[in-house]
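Structure first, then comments.
Residue numbers (the numbering used here): 38 to 144.
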């Protein structure tokens, strides 16, 4: 199996999922701001573009950041081997990040 993380604090309640999603989005926003600062400083990226792109990547990261614990818990409950759990969790988070990017672009 994937381990013995079957009790607190390794749980996937609503507050935990929300906190991990928001935390992931804050990290992505900070990285986006750092990487975009050069373009903002030199005028090759407009503030409107910056905020639009930030909204897109943050939407994706909220979804994927909120999903990883539930995906991992499902793999643990299914008693999957580590490699299968790693691939399943990565696939679930990747697909939700992609879904968030598509949703963010539609706004």
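Quick reminder that beta carbons are idealized off the backbone N, C-alpha and C, glycines included. Computed from a predicted structure; not experimentally measured.
Asked, Found
"Residue 113 to residue 123 span [Cα, whole Å]", "11 Å"
"Cutoff 7 Å; reference residue 69; Cβ partners in own chain excluding five residues on either side", "90, 91 and 94"
"CB-CB length for residue 54 against residue 103, believed under 8 Å", "5 Å"
"Boundaries (first-last residue) of the alpha helix (DSSP H) holding residue 51", "51–79"
"Beta-carbon proximity list for residue 98, same chain, < 6 Å, skipping 5 on both sides", "61, 62 and 65"
"Distance between residue 84 and residue 141 (C-alpha atoms, nearest Å)", "17 Å"
"Which of helix, strand or coil DSSP assigns to residue 115", "coil"
"C-alpha gap between residue 120 and residue 110, whole angstroms", "14 Å"
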